[in-house]
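Counting in this note's numbering, the sequence shown runs from -6 upward without gaps.
For every residue, glycine included, the Cβ atom is placed at its ideal position computed from N, Cα and C.
Quick caveat, the model's predicted, so the values are computed rather than measured.
Some notes on the structure that comes next.
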Amino acid sequence: MLPSLAQLVGRTNPDPNTLSVNTVGPNTKIIKVKQPWADALVTGKKDVENRTWPITPDCREDSPMWFLVASSKATPTAALMRDYEQLLERQYPYGRPVVDVPSDFAYGAIIGLVRLRGCYKSWNSIWYNTPDIAWVVDAAYEFQEPIPMDPQDRMQTQGSLGSGERARFGYVDLVRAQVAKLV
């Protein structure tokens, strides 16, 4: 059971594996992911994000950290949705309650927070693509309300939540408000 918000706010050194409002700060990584993969990550359907690079230079096996998922603005193509549906059919061979369609997804927004277990050279998952680095996710949280990315925010692939120029967009407070709703 997660501790209450009142218990979490006063902590100076929160457990890095426990979600709290203090989980996010100006240095929290934010990664842009195309839909439907972004939604699959924050809803816990997808347990691996595939990249050709580690999220941080020191990311390795069993090195947990939190990162935010921002969805790109692009609507998925029909081919991309077919690939996604095929993977979901493999993951849920006996069916699943909801079939996703592109209009279900949020675009150009911070949509959730995930905990990265670590970066691995390979991973046994239907979501892993050889020879990429597997960013293995072991906890996922979808925000109740997506946080729109500011139109002036030119983030391409990754950045930090509130450092440098991005600090002026006020994302840290907006994300902490969404995390407070989760805990």
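Open item on the list: Once the 5 residues before and after MET(-6) are set aside, which same chain residues still bring their CB inside 7 Å of it?
Closed with: Legend: pLDDT at MET(-6) = 39, less than 50; position of this residue unreliable, value from coordinates given subsequently. Hits under 7 Å: none found.
- [ ] Determine the contact status of ALA177 and TYR113, defining contact as a CB-CB distance below 8 Å.
- [x] For the chain, the structure presents residues -6 to 176; residue 177 sits outside this window and is missing.
Task: Close-in-space but distant-in-sequence residues of the same chain around ILE48 (CB under 8 Å, 5 per side omitted) - done: Excluding its 5 nearest sequence neighbours in each direction, ILE48 has C-beta neighbours in its own chain below 8 Å: LYS22, ILE24, MET58, PHE60, LEU109, CYS112, TRP128, GLN151, listed in chain order.
TODO: Look at the alpha carbon of GLY3 and the alpha carbon of ILE103, and state the distance between them as a whole number of angstroms.
DONE: Confidence at GLY3 is low in this model, with a pLDDT of 36, below 50, so its placement is unreliable and no value can be given for it.
Task: For ALA31 and SER56, believed in contact at Cβ under 8 Å, the rounded distance - done: Contact doesn't hold; Cβ gap of about 23 Å is too wide.
Task: Straight-line gap, PRO50 to ARG44 (C-alpha atoms, nearest Å) - done: Spanning the two alpha carbons is a distance of roughly 13 Å.
TODO: Could you have a look at TYR134 and say whether DSSP puts it in helix, strand or coil?
DONE: In the structure shown, TYR134 sits in a strand (DSSP, three-state: E or B).
- [ ] Consult DSSP for SER13 and reduce its assignment to one of helix, strand or coil.
- [x] In the three-state DSSP reduction, SER13 falls in the coil class, being neither helix nor strand.
Open item on the list: Is it buried or exposed, ILE140, if we count other Cβ atoms within 10 angstroms and call 16 or more buried?
Closed with: With 16 or more Cβ atoms within 10 Å of its Cβ, ILE140 is classed as buried.
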